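Participant: Below is the structure I would like to discuss, written out as structure tokens.
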Amino acid sequence: MSGMYIICLSGAREKLQFAAMAASVAAVSGTEVDVFVSMNAFPYFIKGHRKEAPNEGAMGKIMAERNVPPFYHIFEQAVELGDARIWACSMAMDVMGVKENGMEDIVAGPMGLTKFLSDAEGAQILTF
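Taking my numbering, the leading residue of the sequence shown gets 5, the next gets one more, and so forth.
Below, the structure written as structure tokens:
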């Protein structure tokens, strides 16, 4: 299986930022990208949830000071300008009581981890 598979688990700005940049660059370069959001990354993809993640370290602070485009905007660009799909962890949806219509529009839909890993079989998986 070709393409890029990214799992976002962290709610830290730096990790979400790098995941978004990797997804965006790959997607606009013609690579199919599938992003699976779960755990602490999941809430940022719920409608109405804030999109500012806390800094994990000095780089996050510097990115904020230099007005680096926010990770969520970069994920939006990956979906709009390239071949990227963002999947919401179905377990996280259940745990948090979020229905599919409660997810942001850039989310392609719910997906279970088993299906995501099956789709990614033989491909490289990046985890943030």
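Cβ atoms here follow ideal geometry from the backbone N, Cα and C, with glycine treated the same way.
Since the model is a prediction, treat every value here as computed from it, not as a measurement.
Express the C-alpha separation of residue 14 and residue 22 in angstroms, rounding to a whole number.
Facilitator: The sequence position of residue 22 within the sequence shown is 18, counting from 1. The sequence position of residue 14 within the sequence shown is 10, counting from 1. Spanning the two alpha carbons is a distance of roughly 11 Å.
Participant: Residue 17 lies in the alpha helix (DSSP H); which residues open and close that run?
Facilitator: As a first step, residue 17 is located in the sequence shown; it is residue number 13 there, counting from the start. Boundaries of the alpha helix (DSSP H) around residue 17: 17–32.
Participant: Which runs of the alpha helix (DSSP H) at least 4 residues long sit entirely within the segment 45–123? Give them in chain order.
Facilitator: 62–69, 75–85, 94–100 and 117–123
Participant: Looking only at its chain, what residues have a beta carbon closer than 6 Å to the beta carbon of residue 19, apart from the 5 residues adjacent to it on each side?
Facilitator: Position 15 of the sequence shown, counted from the first residue, corresponds to residue 19. Closer than 6 Å at the Cβ level, and outside the excluded window around residue 19, lie 132.
Participant: Would you say the segment 25–33 touches the segment 85–96, given that touching needs at least three Cβ pairs under 8 Å?
Facilitator: yes
Participant: If you compare alpha carbons, which of 107, 39, 95 and 65 is closest to residue 52?
Facilitator: For the purposes of this step, residue 52 is taken as residue 48 along the sequence shown, with counting starting at 1. Of the listed residues, the one whose Cα sits closest to residue 52 is 107.
Participant: Please classify residue 58 as buried or exposed, where buried requires at least 16 neighbouring CB atoms within 10 angstroms.
Facilitator: As a first step, residue 58 is located in the sequence shown; it is residue number 54 there, counting from the start. It counts as exposed.
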